[in-house]
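Engineer: Please see the structure below; I have some questions.
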Amino acid sequence: MTAADQLTQAPGSQPSAAPAADSRSQTFAFEHKVFSMTGGYFAYVKNTKEAAFHLPLGDLKGAIALPTLRIEFELAPETNDGKLLDIVDKALRFVKEIRPNDSIPHELLDGTASWTVEEKHRTIARNRLTVQLVSWLTGGDTLMVDLTQLEQIADDPKTKARVQEAFTKAAEKLGIGADRKQEVVDMIEKLARELSYIEALRDRYCKVQYINAQLIMLSKIYKREPGIRNEIFRMQVLIRAPVADFDSMFTQADAQTGEILAVLRNIGPQTKFIREMRDELHNRLMLWDEMINPWSAITVEPSADMEALLKDTYRFLARNFAVSNDWPLTGRR
């Protein structure tokens, strides 16, 4: 069975990974000759956010929308290529570009992430969970968000001394018995692996918050230049909604550890929720890459380069977050 068959087997069904021996079952193994053209790749069209196959045409580039591609090259839905095009449309939520014979994102094969996190993110996630478990044991049950405070509490000898006791008590409370506390340890470790992606995305989101903060600073720097200052004010209005949405989503993700025993009792559904949140946050943050990189590289001071970046930022915000529009992509899926 090919990956195209697996991932289109039934609406709403959970796809499973193909046997490792069949590498084609986990790749975009297209058969039509059009997909063997040098330089061809799938990506969203920047202005329309429509999935398309991009081809070099001499010094120019062409983009063929997927519906047009199906018609022009007679790629019927039941064919392998037709099914793979369905997967391409889903896969572009997780990667910016797909080239023929690329691997299908893990998110669509088994639900895991196709990108990696740093050890510090795993440590933060593990600390959140163990501190919350100890808080439950002591009757505190306080949600910890501040990273500095979290690290201090996690490193406190008193906390470390109570962690093992918390594992034992949790095992008893879950009805599996104190002698099986290792199962609680394993569940915490599993959840920490899942939540480490949320921590990595939180780090990335700090770059968006940085842009927002610099707009505030620049509105003061350019206070004697009303044209630029007014444009900055418009940007501040446009960025408000996406920032609020990000804040809300991270708050929801953090709340998953708020009732730690409930999380451990329902680890399957909780893992599913965390992965869905991970994928949505990752998809939204990918959109910001074109702004995060230049803002990270520039010195925030009056200059021609700064003013050029402000114009690019305004175009980006107006294109993607106009007040009358919802988030791009999200409403279409």
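In terms of UniProt numbering, the sequence shown opens at residue 1 and continues consecutively. We put the CB at the ideal spot given by N, CA and C, even for glycine. Bear in mind the structure is a predicted one, so any value in this text is a computation, not a measurement.
Give the DSSP-derived three-state secondary structure of isoleucine 298 in the structure shown.
Structural biologist: Within the sequence shown, the letter at position 298 stands for residue 298. In the structure shown, isoleucine 298 sits in coil (DSSP, three-state: anything other than H, G, I, E or B).
Engineer: Determine the extent of the beta strand (DSSP E) in which alanine 304 is found, giving its start and end residues.
Structural biologist: Locating residue 304 in the sequence shown gives position 304, counting from the first residue. Membership of alanine 304 in any beta strand (DSSP E) is not indicated; the residue belongs instead to the alpha helix (DSSP H) covering 304–321.
Engineer: Helix, strand or coil, according to DSSP, for serine 219 in the structure here?
Structural biologist: Here the question's residue 219 lines up with position 219 in the sequence shown. It is helical.
Engineer: Is arginine 204 closer than 8 Å to arginine 122 when the C-beta atoms are compared?
Structural biologist: Along the sequence shown, one-based indexing puts residue 122 at 122. Along the sequence shown, one-based indexing puts residue 204 at 204. Cβ distance not < 8 Å, so arginine 122 and arginine 204 don't count as in contact.
Engineer: Use the C-beta contact count for arginine 315: other C-beta atoms within 10 angstroms, 16 or more gives buried, fewer gives exposed.
Structural biologist: By 1-based counting over the sequence shown, the position of residue 315 is 315. Label assigned to arginine 315: exposed.
Engineer: Is the CB-CB distance between phenylalanine 273 and arginine 202 below 8 Å?
Structural biologist: In the sequence shown, residue 273 corresponds to position 273, counting from 1. In the sequence shown, residue 202 corresponds to position 202, counting from 1. Contact check for phenylalanine 273 against arginine 202 fails: the beta carbons are separated by 8 Å or more.
Engineer: How is the alpha helix (DSSP H) around threonine 28 delimited, first residue to last?
Structural biologist: What you label residue 28 is simply residue 28 of the sequence shown in a count that begins at 1. A small correction: the amino acid at residue 28 is phenylalanine; threonine does not occupy that position in the sequence shown. For phenylalanine 28, no alpha helix (DSSP H) segment is defined, and its DSSP state is neither H nor E.
Engineer: How about glutamate 307 and isoleucine 228: are their beta carbons less than 8 Å apart?
Structural biologist: In the sequence shown, residue 307 corresponds to position 307, counting from 1. In the sequence shown, residue 228 corresponds to position 228, counting from 1. Yes; because the gap between Cβ atoms is below 8 Å, this pair is in contact.
Engineer: On a CA-only basis, which of Leu150, Arg284, Lys173 and Lys33 is nearest arginine 126? Give me that one, please.
Structural biologist: Reading the sequence shown from its first residue, position 126 is the one you call residue 126. Ranking Leu150, Arg284, Lys173 and Lys33 by Cα distance to arginine 126 puts Leu150 first.
Engineer: Between the segment 74–86 and the segment 27–43, are three or more C-beta pairs nearer than 8 Å?
Structural biologist: Contact holds: three or more Cβ-Cβ distances are below 8 Å.
Engineer: Since phenylalanine 53 is in the beta strand (DSSP E), which residue starts that stretch and which ends it?
Structural biologist: Residue mapping note: residue 53 aligns to position 53 of the sequence shown, counting from 1. Where phenylalanine 53 is concerned, the enclosing beta strand (DSSP E) stretches over 51–57.
Engineer: Among Ser219, Leu287, Arg265 and Ile98, which residue has its Cα nearest to the Cα of leucine 191?
Structural biologist: Working through the sequence shown from its first residue, we reach residue 191 at position 191. Of Ser219, Leu287, Arg265 and Ile98, the residue nearest in Cα terms is Arg265.
Engineer: Can you name the residues that DSSP bridges to tyrosine 44?
Structural biologist: Working through the sequence shown from its first residue, we reach residue 44 at position 44. DSSP output for tyrosine 44 lists Ala51 as bridge partner(s).
Engineer: Work out the CA separation of methionine 277 and asparagine 283 for me, nearest whole Å.
Structural biologist: By 1-based counting over the sequence shown, the position of residue 283 is 283. By 1-based counting over the sequence shown, the position of residue 277 is 277. C-alpha separation (whole angstroms): 10 Å.
Engineer: Nearest CA to the CA of threonine 116: which residue from Met37, Val300, Ala200 and Leu57?
Structural biologist: Counted from its first residue, the sequence shown places residue 116 at position 116. Among Met37, Val300, Ala200 and Leu57, the Cα nearest to that of threonine 116 belongs to Ala200.
Engineer: Would you call phenylalanine 233 buried or exposed, if buried means 16 or more other Cβ atoms sit within 10 Å of its Cβ?
Structural biologist: Reading the sequence shown from its first residue, position 233 is the one you call residue 233. Exposed is the call here.
Engineer: From alanine 21 to glycine 111, what distance separates their C-alpha atoms?
Structural biologist: Reading the sequence shown from its first residue, position 21 is the one you call residue 21. Reading the sequence shown from its first residue, position 111 is the one you call residue 111. Because alanine 21 sits at a pLDDT of 38, beneath the cut-off of 50, its placement in the model cannot be relied upon, and the point is left open.
Engineer: What span of residues does the beta strand (DSSP E) with glycine 62 cover, start to end?
Structural biologist: Residue 62 sits at position 62 when you count from the first residue of the sequence shown. Glycine 62 -> beta strand (DSSP E) spans 60–65.
Engineer: I need the straight-line Cα distance from tryptophan 327 to lysine 173, nearest angstrom please.
Structural biologist: Taking the first residue of the sequence shown as 1, we reach residue 327 at position 327. Taking the first residue of the sequence shown as 1, we reach residue 173 at position 173. Confidence at tryptophan 327 is low in this model, with a pLDDT of 45, below 50, so the placement of that residue should be treated as unreliable; the coordinate-derived value is given next. Going from the Cα of tryptophan 327 to the Cα of lysine 173 covers about 42 Å.
Engineer: Helix, strand or coil: how does DSSP classify isoleucine 176 here?
Structural biologist: Translated into the one-based positions of the sequence shown, residue 176 becomes position 176. Note: isoleucine 176 maps to coil in three-state DSSP.
Engineer: Please indicate yes or no: does the CB of arginine 126 lie closer than 7 Å to some heavy atom of the ligand FAD?
Structural biologist: In terms of ligand content, the structure shown is empty, and the ligand FAD therefore cannot be addressed.
Engineer: Helix, strand or coil for serine 103 per DSSP?
Structural biologist: Indexing the sequence shown from 1 puts residue 103 at position 103. Strand, per DSSP.
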